[in-house]
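Quick notes on the structure that follows.
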Amino acid sequence: MKLRELHVAGFGKLVERELAFGEGLTIVVGENEAGKSTVATAIAATLFGVGRKDARDAWRPWSSARYAATLRYTLDDGRAFEVQRAFDDAKAVSVYDRNGVDIAGSLAIAKLPAPGEVHLGVPYDVFVNASCVRQREIDLESKCASAIAGALSRALGGGPKENAAVAAIATLQDALRDHVGTDRATKNAPLKIARERAAQARTRADAARRALHALADRRTAYETARAAHDALFARFANIERRIDVARAATVRARLQKLQELRDEIAEVQTAHARFADVADWPNDLAERFARSDADCERTRALAAAASDAALAARPSASEEAERAALETSIGAIDDTAYAALCEASCQAREAGARASEASAAAVAARHDGEGGSQIFGALVAATAIFAMATVGFVVARDMLVGVLCAIAAIAGGFALARLSARRSAKRKRASEAQARADAAIGAERDAASIVARVLEPRGIVNVDELGRRRDRFRELTERARRAAERTGVSSEATAAAVIADRALAAIVAEARLDAADERDAIRMHVRDRDARKRERDGLAARLEMLAFQRNSELGDDDEEALLQERERLAARIGDTPPESGVSHRALVDERAEIEAQLRAAEGRLAETQATLRASEEQIADVAALDDEVARYDAEVARLDAFRRAVTLAIKTVEDRTKEAHERFARRLEDYAARTFATITAGRYGEIKVDPTTLEVNVRVPETKAFIPLDRLSAGTRDQAYLVTRIAMARMFSEGLETPPLLLDDPVAFWDEARIARLLPLLAEAAATMQTVVFTASEAFATAAAGFGATVIRLEAQTPAIA
Amino acid sequence: MPYLIAHCADVHLETTFSNRRGGSYRRRALADAFVRIVDEAIARAADALTIGGDLYEAERAGPQTARFLANECVRFGKPVFVAPGNHDPYGPHHLLARGALPPNVRIFDEAAWRPYALAEGITLWGFGHTGAEPGRPFANARFDRSGGVQIALVHGSDESRCPPGKRATAPFSEDEVAESGADLLLTGHYHGGYTIERAGKPFIAYPGSPEPIKFGEGAHGMLFVHIADDATIALERVPVGRTRLHDVTCACDDAPDDRAVHAHLRAALAAYDANDFVRVRLTGLVAPATRIETDELEDAFAHLGSLEVIDATTACDPELLAQERTVRGHSIADLLQRARNTSDREAAADAERALRYVALAFSGGEVAP
Numbered sequence: 001m002k003l004r005e006l007h008v009a010g011f012g013k014l015v016e017r018e019l020a021f022g023e024g025l026t027i028v029v030g031e032n033e034a035g036k037s038t039v040a041t042a043i044a045a046t047l048f049g050v051g052r053k054d055a056r057d058a059w060r061p062w063s064s065a066r067y068a069a070t071l072r073y074t075l076d077d078g079r080a081f082e083v084q085r086a087f088d089d090a091k092a093v094s095v096y097d098r099n100g101v102d103i104a105g106s107l108a109i110a111k112l113p114a115p116g117e118v119h120l121g122v123p124y125d126v127f128v129n130a131s132c133v134r135q136r137e138i139d140l141e142s143k144c145a146s147a148i149a150g151a152l153s154r155a156l157g158g159g160p161k162e163n164a165a166v167a168a169i170a171t172l173q174d175a176l177r178d179h180v181g182t183d184r185a186t187k188n189a190p191l192k193i194a195r196e197r198a199a200q201a202r203t204r205a206d207a208a209r210r211a212l213h214a215l216a217d218r219r220t221a222y223e224t225a226r227a228a229h230d231a232l233f234a235r236f237a238n239i240e241r242r243i244d245v246a247r248a249a250t251v252r253a254r255l256q257k258l259q260e261l262r263d264e265i266a267e268v269q270t271a272h273a274r275f276a277d278v279a280d281w282p283n284d285l286a287e288r289f290a291r292s293d294a295d296c297e298r299t300r301a302l303a304a305a306a307s308d309a310a311l312a313a314r315p316s317a318s319e320e321a322e323r324a325a326l327e328t329s330i331g332a333i334d335d336t337a338y339a340a341l342c343e344a345s346c347q348a349r350e351a352g353a354r355a356s357e358a359s360a361a362a363v364a365a366r367h368d369g370e371g372g373s374q375i376f377g378a379l380v381a382a383t384a385i386f387a388m389a390t391v392g393f394v395v396a397r398d399m400l401v402g403v404l405c406a407i408a409a410i411a412g413g414f415a416l417a418r419l420s421a422r423r424s425a426k427r428k429r430a431s432e433a434q435a436r437a438d439a440a441i442g443a444e445r446d447a448a449s450i451v452a453r454v455l456e457p458r459g460i461v462n463v464d465e466l467g468r469r470r471d472r473f474r475e476l477t478e479r480a481r482r483a484a485e486r487t488g489v490s491s492e493a494t495a496a497a498v499i500a501d502r503a504l505a506a507i508v509a510e511a512r513l514d515a516a517d518e519r520d521a522i523r524m525h526v527r528d529r530d531a532r533k534r535e536r537d538g539l540a541a542r543l544e545m546l547a548f549q550r551n552s553e554l555g556d557d558d559e560e561a562l563l564q565e566r567e568r569l570a571a572r573i574g575d576t577p578p579e580s581g582v583s584h585r586a587l588v589d590e591r592a593e594i595e596a597q598l599r600a601a602e603g604r605l606a607e608t609q610a611t612l613r614a615s616e617e618q619i620a621d622v623a624a625l626d627d628e629v630a631r632y633d634a635e636v637a638r639l640d641a642f643r644r645a646v647t648l649a650i651k652t653v654e655d656r657t658k659e660a661h662e663r664f665a666r667r668l669e670d671y672a673a674r675t676f677a678t679i680t681a682g683r684y685g686e687i688k689v690d691p692t693t694l695e696v697n698v699r700v701p702e703t704k705a706f707i708p709l710d711r712l713s714a715g716t717r718d719q720a721y722l723v724t725r726i727a728m729a730r731m732f733s734e735g736l737e738t739p740p741l742l743l744d745d746p747v748a749f750w751d752e753a754r755i756a757r758l759l760p761l762l763a764e765a766a767a768t769m770q771t772v773v774f775t776a777s778e779a780f781a782t783a784a785a786g787f788g789a790t791v792i793r794l795e796a797q798t799p800a801i802a
Numbered sequence: 001m002p003y004l005i006a007h008c009a010d011v012h013l014e015t016t017f018s019n020r021r022g023g024s025y026r027r028r029a030l031a032d033a034f035v036r037i038v039d040e041a042i043a044r045a046a047d048a049l050t051i052g053g054d055l056y057e058a059e060r061a062g063p064q065t066a067r068f069l070a071n072e073c074v075r076f077g078k079p080v081f082v083a084p085g086n087h088d089p090y091g092p093h094h095l096l097a098r099g100a101l102p103p104n105v106r107i108f109d110e111a112a113w114r115p116y117a118l119a120e121g122i123t124l125w126g127f128g129h130t131g132a133e134p135g136r137p138f139a140n141a142r143f144d145r146s147g148g149v150q151i152a153l154v155h156g157s158d159e160s161r162c163p164p165g166k167r168a169t170a171p172f173s174e175d176e177v178a179e180s181g182a183d184l185l186l187t188g189h190y191h192g193g194y195t196i197e198r199a200g201k202p203f204i205a206y207p208g209s210p211e212p213i214k215f216g217e218g219a220h221g222m223l224f225v226h227i228a229d230d231a232t233i234a235l236e237r238v239p240v241g242r243t244r245l246h247d248v249t250c251a252c253d254d255a256p257d258d259r260a261v262h263a264h265l266r267a268a269l270a271a272y273d274a275n276d277f278v279r280v281r282l283t284g285l286v287a288p289a290t291r292i293e294t295d296e297l298e299d300a301f302a303h304l305g306s307l308e309v310i311d312a313t314t315a316c317d318p319e320l321l322a323q324e325r326t327v328r329g330h331s332i333a334d335l336l337q338r339a340r341n342t343s344d345r346e347a348a349a350d351a352e353r354a355l356r357y358v359a360l361a362f363s364g365g366e367v368a369p
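Sequence lines, in order, name chains G and R. Numbered per the numbering used here, the first sequence finishes at 802, counting up by one with no gaps. Numbered per the numbering used here, the second sequence finishes at 369, counting up by one with no gaps.
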């Protein structure tokens, strides 16, 4: 871009100013406060706008002039434009092309006309920091370094002007985030969700596969159960055949047995018919006849014996007379009276005994009381003698002897007293014994008188005699009673014999025998007929038994059914002989056991079959589930491929961007170092520029070390930054629109030597990049004019304050 | 007496398909193909049917498949010989090992050669896959003991002709087969059928799968082996498939919008119907911001068996873009070079996709899978 003309209607202190810029280097020279910096700002503001309201107000014209400016410029491709901007309204911008058509609408960014940004390819801050160096602000703002670096990278091969690599990377990252997501994302994570769905589908498919394998196991179990069932079924069929064989043998044997029974029954029935005459002979008649016959014989014998016994027991006449006499004499004395008499007799005897004993005791007591008189007299005499001897010896004063005599006398006195008491007691006991003897004698007398009153009138001496008479009376009375009793028995026996005879006659009549026959003849007839009847009964019993055997043999069958069964079995098994040593029962038991096993096997078979069928019905379509898994896997693969491709794209663009940065940094270093060496007279020949932060380091010749510009002098630092700016601006021209370089008094603090070294460089730069230097130095302007610079003198205006 | 053998392999009943639709239809087509194989064998009065493995997929086949196979074998009525493959290896759970095996079916249930006299002078030697990888089946095989025509039946890989990406199983070489004494090897595993001749006679025969399973497999069908009285052998290939897989490239150059892309696609797919399963690759330069929704396109052609759309269109010519001295140009040049120089197909595909995405991102288009 090359600035052609600037017309400022009103901008800060500038009012109605017109500036025409040269093709290459233009020096705008003016005194301080002439508005040089305002011109630089007005150029930027016309291209990019003034920004927000505070910035807009800061440059509002001091006078009442219209707050507007017009800038004409041409682009590298030759197109020419005129921008008319009224700064009060951000939208009040017109951009006219060569044909006078307002194309402001096509140069809009964010709906606002931005001819500077569109045509230069850089935003306002990049332009200001890279191409528009304000007075004393020659160093780069670090906050804009990234934007400048980005713009430089685009300029040096970064990408189309309308879309940057940074934006492309952002787009790719957005796509990655939107269509793939991250592992940590929970909402917008399509790849993660697809993986989870694939895993879930795989789990379902695996479960179905396991069910399929389990189904195979169940089928194996079913086959096993079926094989076991079939084996049991075969065993059952075999045992059935063996039972049929045994059954056939049994049926044949039964039919043979039934035939034999039928023949025997016919034979016995013929014999049985021969005893028809005794058909109604009572079975018990012979027994009753025998019993009645025996009764007759026995009762007759008993009647005869009883008659004999009655005759033998009857008392004689003398005995009858004796019994009558005794009954008269002692009949009135019953047993109670007899007992009382016995008691009284006994009491009389006991009282007599007691009287004798008491009399003897009284005699002995009296004798004992009289026996001690001599001893008592001798003791009295001895006591008197010792008493007197005591007196004598006391008088004789023989005291010792006297005392001894006195003691003896005292002892004698005591002995006398005791002896006297004993004698009195004995006399008392003798009188008591006598009294008891007298009482016993009285009692004996009373009892004897009672007995005597009963016995004496009957001429009986004592009770014993009375007892003997009573015994005889009883004996005679008993004999009379027994005789009467036997007479009764005889009569009863005779009556029984008569009854027995009548009963026997009735039986004989029942047997239709002639009662007139001899008893023995009758007896023989009875025995004969009874024997025939018994024989007939035996045949009948035999018939019954045979019928029973036949019935038993048949059981619930009938012979016709057995015959049919024999034919059926014969047709089925032919003439297979029965097994020897194996009973039908054993076979049936074995069949029952096998049948039970078969039923159990059938149950198991049915159970396993039901399980198998249920499992088969529940089997999912594994292939369809695997289709689903494959679809999810394909989706995962698709997204994963997208992720890989986008990641590769991002990395490629990032690498290329970084590479572009690095390339621009290297070129910046090369160019700046060359220029810096020139203006520092070769002292600083090496520069390093960080491609991201644009931090500049220079190598110090003495230490060979790179140090930041901050550590150099202010003049040197400004030199370094200036050449860096120029280098940047030159490099913009390589890829983007070449911006005009606006330098606001950059050499204000430079010495002349440095300025002299700078001017050729500026002139060289201006050959490819329009350079406008605003300065107050006439000398610098004059020197620059020597390098072909266009010099514009900016006169200070006296503002008309509105 | 001439002898006729019907041979098939790789029916892959109950296999799985990743298409969004049509999986069950194609599985039904596989079963129908086997029915047609039996129909053909019956119609031509084949004396035996040999199956060279992978009749079904063991991990998905269930009782229904077992009943189907048993019924078909019974329907054929003549001897059926099955050499299990790597997808249906013989084991306790092999479908034809369960229950009552039809009496005319013989399974080679060992990883060893077992003979069966088909007719006087014709012996069939079978080798079955079991759970373990069987190794080289012809390493020690010798079939010349009984004289006559020796026919080998195994599911294996002709290792010198293994298709790309195909896993080899039971590998063998032509020389190994020749040394074994086999006059003819009837085999399976490769879904694209072919016949190798030796001294002008058919020697190794792959029938191919009766129905296509994946794209680009080759010929499909079954084989009839005619053995004449003089022991000469002739092969006849008979197609029995119903479904077809097509890889179609649809050039959408200069398509101004998605409607134009749709029109291109409609023209490219006009000849296909419900038995056609198509994978179409959209290529060419389309106008920037042309939205190609592959799912929408796949749904729009529902009358096909299935449609898989691969969008390889680009809104700008990458060769031109690569010449730009910009980050975009350099990035696209990088990716072009990466795609061309790598032998890894996946890496090349990634690079091609990345190239499209870079171009889209720089042009402000929507980057989407």
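Cβ coordinates follow ideal geometry from the N, Cα and C atoms, glycine included.
For residue i, the three-state DSSP class (helix, strand or coil)
i: residue 507 of chain G; result: helix
i: residue 428 of chain G; result: helix
i: residue 96 of chain G; result: strand
i: residue 323 of chain R; result: coil
i: residue 7 of chain R; result: strand
i: residue 331 of chain R; result: helix
i: residue 48 of chain R; result: strand
i: residue 383 of chain R; result: The structure shown does not extend to residue 383 of chain R, since chain R is modelled only from 1 to 369, so the question has no answer here.
i: residue 190 of chain G; result: helix
i: residue 771 of chain G; result: strand
i: residue 213 of chain G; result: helix
Inter-residue Cα distance where the pair is residue i and residue j
i: residue 857 of chain G; j: residue 694 of chain G; result: The structure shown has nothing for residue 857 of chain G, since chain G only spans 1 to 802.
i: residue 543 of chain G; j: residue 493 of chain G; result: 48 Å
i: residue 789 of chain G; j: residue 126 of chain G; result: 26 Å
i: residue 212 of chain R; j: residue 219 of chain R; result: 8 Å
i: residue 668 of chain G; j: residue 720 of chain G; result: 12 Å
i: residue 460 of chain G; j: residue 307 of chain G; result: 41 Å
Other residues of its chain near residue i: CB distance less than 6 Å, five sequence neighbours each side excluded
i: residue 239 of chain R; result: 221
i: residue 256 of chain R; result: 287
Neighbourhood of residue i by C-beta distance below 8 Å, restricted to the same chain and skipping five residues each side
i: residue 23 of chain R; result: 16, 17
Query raised in the report: On the three-pair Cβ rule with 8 Å, is the region 588 to 598 of chain G touching the region 237 to 254 of chain G?
Result: yes
Report task. Please list the segments of the alpha helix (DSSP H) lying wholly inside the region 570 to 640 of chain G, counting only runs of 4 or more residues, in order along the chain. Result -> 584 to 618
Requested in this report: Could you tell me whether the region 80 to 87 of chain R touches the region 45 to 57 of chain R, using the rule of 3 or more Cβ pairs below 8 Å?
Outcome: yes
**Report entry** Contained alpha helix (DSSP H) runs [length at least 4] in the region 346 to 423 of chain G, N- to C-terminal order
**Finding:** As far as the region 346 to 423 of chain G is concerned, its whole alpha helix (DSSP H) runs of at least 4 residues are 373 to 395.
Query raised in the report: Can you find at least 3 beta carbon pairs, one from the region 311 to 331 of chain G and one from the region 500 to 516 of chain G, that sit closer than 8 Å?
Result: no
Query raised in the report: Are three or more beta carbon pairs between the region 71 to 91 of chain G and the region 102 to 117 of chain G nearer than 8 Å?
Result: yes
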